[in-house]
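Chemist: Counting in the numbering used here, the sequence shown runs from 8 upward without gaps.
Just so you know, even glycine gets a beta-carbon here, dropped at the ideal spot from N, CA and C.
Keep in mind that this is a model prediction, so the values were computed, not measured.
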Amino acid sequence: MEQYAIKGGNPLVGEVEIGGAKNASLPIIAASIMTDETVQVDNIPDVRDTNVLLDAMQGIGVLINRKDRHSVSINASQIHDFVVDGDNIRKIRASYYFIGALLAKYKSAVVALPGGCDIGCRAIDQHIKGFCALGADVKIEYGLIKAHAERLRGSHIYMDMVSVGATINIMMAAALAEGTTIIENAAKEPHVVDLANFLNSMGANIKGAGTDVIRIKGVHNLHGTEYAIIPDQIEAGTFMFAAAITKGDITVKNVIPKHLESITAKLLEIGCEIEESDDAVRVVAAKPLRHTQVKTLPYPGFPTDMQPQITVALALSTGTSIVTESIFENRFKYVDELIRMGASIKVEGNTAIVNGGAQYTGASINAPDLRAGAALVLAALAAEGYSIIEDIHYIQRGYEDFHLKLQMLGAQIEKVDSQRELQKFKLKIG
């Protein structure tokens, strides 16, 4: 079983290049099947989730041609099956994007119920509500979501709660529906905007993405396109907090600083220095970190996917901080692992009370999910001594070459899969 072996204590210094956004790539890859013409998607991150999605598409007859590690050509003119199932696809959350895409194009979809990280209840009721409003019949049987429609008609849909996945799925289905669809209380995340831009480049008519009201005029068909995915704001934010946690100096390149404003604001609050340019952000942590309060919120608020990373930083700061998780109720599962490394954190419901001043020490710990796993790696890089991170397959779901990028910044980290390799790492590091 692969692990990360880490010796902490080095400030991370240098430049790191950010890849394409996983959360934008997944719906865009799924939406590429909504035309019979060839679609080329560039700047795709080479991570487990995107590869599982592409493999699932091949399973239903989609022609996949990998131009290189980050570019893929997709042709869905030979789809022979509307059933997307299998052990791997059941393990990722993004499986449900096939419902909107297949329903839009073929008026029929049968897709495995989504999996992904166990960070709390992520119901699909808003997705179903949207599909039904467009005229589909939806039911759940034997672990599958089954959606069928004679025809899809535009509708006025008010989301009971802000849901990125439901906004994306409804937007895809409505793009090929008859008439106009209005989605109110829509999610505003950058990857919602990126999908809208992608669909528009295929001939869709979507306006208002990035606001809480999205208007979609259905079109008869979509055409091929070539499109590049936006940079990954969560990967960028993770490396920004790597600078804060290790007392480092990191320039994060190939980013859209506008997407990082809530992250940048918190880093400034806790005492980091920030320099922004058109497509890069530099984070310098030359002073002791200060405490703060943070609450996760839908975009443009502080991202739930950055909550573990800021908590790792706040445990090292002076004073007491309060971290409130308003999106997912199981997002503090990593805290027990952090306490084993020396943190002083008490979780009460959806709130963590973080008593700063910790000095992390190395330990053998488990990554409970994708973002918490990455945050625990950062804690290990700030810790005294050696750490082992188990279950790194979670981290590999969303971070491409994570340990290699950290190595380039001066981190002492290796991916190992045996006791012998671990001993070699320890002998090399000394």
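#1: Going by other Cβ atoms of all chains shown within 10 Å of its Cβ, with 16 needed for buried, is glutamate 6 buried or exposed?
#2: List the endpoints of the continuous beta strand (DSSP E) containing isoleucine 13.
#3: Whole angstroms is fine: what's the gap from cysteine 128's alpha carbon to leucine 385's?
#4: For isoleucine 96, which residues in the same chain have their Cβ closer than 7 Å to its Cβ, ignoring the five residues on either side in sequence?
#5: Would you call tyrosine 165 buried or exposed, if buried means 16 or more other Cβ atoms sit within 10 Å of its Cβ?
#6: Between which two residues does the beta strand (DSSP E) harbouring leucine 304 extend?
#7: Going by the DSSP bridge assignment, what does glutamine 419 pair with across the sheet?
#8: Would you report the Cα separation of leucine 19 and alanine 374, rounded to the nearest angstrom?
#9: Considering only their Cβ atoms, is the gap separating alanine 243 from leucine 274 smaller than 9 Å?
#10: Within 8 Å, do at least three Cβ pairs link the stretch 292-299 to the stretch 208-228?
#11: For alanine 37 and tyrosine 113, which I take to be in contact (beta-carbon distance under 8 Å), what is that distance rounded to the nearest angstrom?
#12: As a quick exercise: from Asp343, Gly172, Ala181, Thr368, pick the residue whose alpha carbon is nearest that of alanine 140.
#13: Between the Cα of leucine 416 and the Cα atoms of Ser394, Leu388, Ile402, which residue gives the shortest distance?
#14: Hey, quick one: how far does the beta strand (DSSP E) through glycine 21 stretch, first residue to last?
#15: To the nearest angstrom, how far is it from the Cα of methionine 179 to the Cα of glutamate 332?
#16: Indicate whether isoleucine 334 and leucine 377 have their beta-carbon atoms separated by less than 9 Å.
#17: Excluding sequence positions up to five away, which residues of its chain have a Cβ less than 6 Å from the Cβ of isoleucine 126?
#18: Can you tell me which of Ala287, Glu191, Gln419, Ile152 puts its alpha carbon nearest to the alpha carbon of histidine 163?
#19: Count the other C-beta atoms from every protein chain shown that fall within 10 angstroms of the C-beta of serine 32, then say buried if there are 16 or more, exposed otherwise.
#20: In whole angstroms, what is the alpha-carbon distance linking lysine 340 and proline 315?
#21: Give me the DSSP bridge partner(s) of tyrosine 393.
#22: For the beta strand (DSSP E) containing arginine 160, name the first residue and the last one.
#23: With DSSP collapsed to three states, give me the class of arginine 297.
Modeler: Considering the structure as presented:
#1: Here the chain has residues from 8 to 437 only, and residue 6 is not among them.
#2: Going by DSSP, isoleucine 13 is part of the beta strand (DSSP E) stretching over 10-14.
#3: With a pLDDT of 44 at cysteine 128, under the threshold of 50, the modelled position of that residue is not reliable, and no figure is offered here.
#4: Non-local C-beta neighbours of isoleucine 96 in its own chain, meaning closer than 7 Å and more than five positions away in sequence, comprise Val59, Ala63, Ser102, Ala119, ordered along the chain.
#5: It is exposed - the Cβ of tyrosine 165 has fewer than 16 other Cβ atoms within 10 Å.
#6: Counting along the chain, leucine 304 falls outside any beta strand (DSSP E), and DSSP gives it neither H nor E.
#7: Lys14.
#8: In this structure, the straight-line span from the alpha carbon of leucine 19 to that of alanine 374 is close to 21 Å.
#9: Contact: no.
#10: Taking 8 Å as the limit for Cβ pairs, the verdict is that the stretch 292-299 does not touch the stretch 208-228.
#11: Contact annotation, alanine 37 with tyrosine 113: C-beta distance approximately 13 Å; criterion of less than 8 Å not satisfied.
#12: Across the set Asp343, Gly172, Ala181, Thr368, the C-alpha of Ala181 shows the shortest separation from the C-alpha of alanine 140.
#13: It is Leu388.
#14: Taken as a continuous stretch (DSSP letters only), the beta strand (DSSP E) holding glycine 21 covers 20-24.
#15: Spanning the two alpha carbons is a distance of roughly 29 Å.
#16: No, the pair does not count as a contact, with Cβ atoms beyond the cut-off.
#17: Residue placement at isoleucine 126 cannot be trusted, given a pLDDT of 49 that sits under 50; the coordinates are not used to answer.
#18: Comparing Cα positions, the closest option is Glu191.
#19: Looking at its Cβ environment, which holds 16 or more other Cβ atoms inside 10 Å, serine 32 is buried.
#20: Between the alpha carbons of lysine 340 and proline 315 lies a gap of roughly 10 Å.
#21: Answer is Lys14.
#22: No residue range can be given for arginine 160, since it is assigned to no beta strand (DSSP E) and is classified by DSSP as neither H nor E.
#23: Residue state, collapsed to three classes: strand.
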